[in-house]
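Residue numbers for the sequence shown follow the numbering used here, beginning at -17 and rising by one. Ideal placement from N, C-alpha and C gives every residue a C-beta, glycine not left out. Only one structure is covered here, and it is reproduced in the block below.
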Amino acid sequence: MANELNFYVLKTIELQGVEKLYCLHGNWSSIIHIAHFSQTSSSILTERIHYIIKQLLKKHPRLRSRIRVIRSFDSQTNNEKHLLDLFDYDEELFSRTDILQNFYSFYSGNENWMKIAESLSNENPYNKELAYIFPLFHFKLIFNENSPENSHLILLTNHSISDGQSGYIILHDYLTLATQNECVEWEINRNLSPNLIDLTEKPYTFLYPIISKLCNIVYSCQMKYLDNKLPTKSILINSKQPNDKRYPYIQPMRTHFLFTSCSNDHYEHLRSICHKQNLTLHGPLFACLILTIQYLFFPKFKRDILMNFDISIDYNMRNRLLLNDYSLKEIVGFYIGVNSIDLSDISVNMNFWSLANYCSKETNKKLSDGEVSFNTHIFSNIINDDKNDFFHLMGKSSDGCLSEMNYSNLVQFIILQQLFI
């Protein structure tokens, strides 16, 4: 729809790194954030919805943007260029009901909210030609009188427009606008945050190109070694395997919930325990702790099945950091997805807290020695190289899925203090 309307493109940037990864070759990754309400009048969430959507479009520029993909099917690698077009805020266009209705929908019935959310995240957001994704966010309001939590506000966002704060900030803005007494007009934000990779410094100065090239060679050798060792079973969204050039390496996989956000109790209790152990409780460590507890105390479950469990964390980690002089107020975070452990340093008799302290020490070490920023650039180079075997291997990974094992938003590559959240 966005290409058919007279939107004015204020700025265009080319997606790189992780932001590019999640829309390569006709794929997508949708993130779900949900707010639950008990005995909430539906009118509170709905009566100002057009006003709310307009204010969100003003404040969050990436919400009024589209992903545009330029691809050629002539070559075997299907060369692609991924662009993010930021639309200027047009009062006339964004006051039209037919346009605003693209950003929200309603459901009233007895279907489980989790099934609805899971179905939403697995819907293909592209147009038929796989050339555009618009809109990049959508609110789904669910009303179920038979449920103890009878109202649910679901925010669906495309992974490529993540700004380091996560959708909880947008949900907070929505509820603030819905419950305030007066309709205050917010200022228009026309500053599009740069790509994550553009904010990450390349370490090792003039040695970086040489080290980077060596790493790519090593990585290519590892790909060839792993290629014949990983299973090829895939769980497809469609029952029939698509015979389509749009999916040369990765098949569209169905994603399922692992974490559900329902309560603060687990996190608050675990945080106090960790602080007594002089440990920083960040996202990856918290996930490991919960998974370990589940593994130890629920032996009746099959060990190869991960059960759903409650988790709730304040995701706006930028407010927890001491920013340096070079930091921007609207800076974006980046995802740490790399880590390694020398098994020779770990004793079979090591207790859980000793292991947690070891992991925390290794994490802080990697943050301070530039390994995170280096690996961020190496990973971006791999993604941008259409000739490597990375995406072919991804299609052969367990269930064909790419997993983010660590997921801390850290605002910038320079960390000035230990993080306690």
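Inspect the beta-carbon positions of residue i and residue j and report whether they are closer than 8 Å.
{"i": "phenylalanine 76", "j": "lysine 41", "result": "no"}
{"i": "leucine 159", "j": "arginine 46", "result": "no"}
{"i": "histidine 404", "j": "glutamate -4", "result": "In the structure displayed, the chain extends from -17 to 403; residue 404 sits before or after that span and is not available."}
{"i": "serine 103", "j": "isoleucine 14", "result": "yes"}
{"i": "asparagine 366", "j": "glutamine 83", "result": "no"}
Using alpha carbons as the reference points, say which of the options lies closest to residue i.
{"i": "lysine -7", "options": "Asn171, Glu74, His359", "result": "Asn171"}
{"i": "tyrosine 408", "options": "Ser254, His7, Ile360, Tyr340", "result": "Given a span of -17 to 403 for the chain in the structure shown, any question on residue 408 remains unanswerable."}
{"i": "tyrosine 340", "options": "Ala17, Asn363, Ile364, Gln259", "result": "Gln259"}
{"i": "asparagine 163", "options": "Glu73, Arg53, Phe188, Ile26", "result": "Ile26"}
{"i": "isoleucine 81", "options": "Lys195, Phe116, Asn106, Ile49", "result": "Phe116"}
{"i": "aspartate 9", "options": "Val51, His18, Val(-9)", "result": "The question names aspartate, but residue 9 is asparagine in the sequence shown. Of the candidates Val51, His18, Val(-9), the one whose C-alpha sits nearest the C-alpha of asparagine 9 is Val51."}
{"i": "serine 24", "options": "Asn177, Phe188, Gly149, Glu127", "result": "Glu127"}
{"i": "arginine 53", "options": "Cys5, Ser202, Ser336", "result": "Cys5"}
Excluding the 5 residues preceding and the 5 following residue i in the sequence, name in chain order all residues of the same chain whose CB lies nearer than 6 Å to its CB.
{"i": "phenylalanine -11", "result": "Phe69"}
{"i": "isoleucine 143", "result": "Arg44, Leu118"}
{"i": "glutamate 167", "result": "none"}
{"i": "tryptophan 95", "result": "Ile124, His134"}
{"i": "cysteine 165", "result": "Tyr33"}
{"i": "asparagine 109", "result": "none"}
{"i": "isoleucine 179", "result": "Gln(-2), Gly(-1), Ser362"}
{"i": "leucine 153", "result": "His15, Ala17, Leu137"}
{"i": "valine -9", "result": "Asp67"}
Out of curiosity, what's the CA-to-CA distance linking residue i and residue j?
{"i": "leucine 414", "j": "tyrosine 71", "result": "No answer is possible for residue 414: the residues shown for the chain start at -17 and end at 403."}
{"i": "serine 11", "j": "leucine 66", "result": "15 Å"}
{"i": "leucine 138", "j": "isoleucine 360", "result": "30 Å"}
{"i": "lysine 343", "j": "asparagine 363", "result": "28 Å"}
{"i": "histidine 141", "j": "threonine 161", "result": "28 Å"}
{"i": "glycine 91", "j": "isoleucine 136", "result": "15 Å"}
{"i": "isoleucine 49", "j": "lysine 2", "result": "10 Å"}
{"i": "threonine 79", "j": "serine 87", "result": "12 Å"}
{"i": "asparagine 132", "j": "glutamate 93", "result": "11 Å"}
{"i": "serine 202", "j": "phenylalanine 188", "result": "23 Å"}
{"i": "glycine 149", "j": "glutamate 105", "result": "19 Å"}
{"i": "leucine 157", "j": "cysteine 197", "result": "47 Å"}
{"i": "proline 191", "j": "asparagine 177", "result": "21 Å"}
{"i": "serine 336", "j": "glycine 352", "result": "25 Å"}
{"i": "valine 200", "j": "proline 107", "result": "36 Å"}
{"i": "glutamate 74", "j": "lysine 347", "result": "52 Å"}
{"i": "asparagine 61", "j": "glutamate 169", "result": "39 Å"}
{"i": "phenylalanine 85", "j": "isoleucine 255", "result": "42 Å"}
With a threshold of 8 Å on Cβ separation, who are the neighbours of residue i within its own chain once the five nearest residues in sequence on each side are excluded?
{"i": "tyrosine 89", "result": "Ile98, Lys122, Leu123, Ile124, Phe125"}
{"i": "serine 194", "result": "His359, Ile360, Asn363"}
{"i": "phenylalanine 19", "result": "Leu27, Glu131, Asn132, Ser133, His134, Leu135"}
Would the C-beta of residue i count as close to the ligand SAM, meaning under 7 Å from any of its heavy atoms?
{"i": "isoleucine 26", "result": "Absent from the structure shown: the ligand SAM. Ligands present: none."}
Near residue i, which residues of its chain fall below 7 Å by C-beta distance, leaving aside the five closest residues on each side in sequence?
{"i": "aspartate 155", "result": "Leu38, Lys41"}
{"i": "threonine 28", "result": "Leu123"}
With a cut-off of 8 Å, does the C-beta of residue i fall near any C-beta of chain D?
{"i": "glutamate -4", "result": "This model lacks chain D altogether; it includes just one protein chain."}
Say whether the segment 179 to 189 touches the segment 352 to 366, bearing in mind that this needs 3 or more beta-carbon pairs closer than 8 Å, one atom from each stretch.
Yes, they touch.
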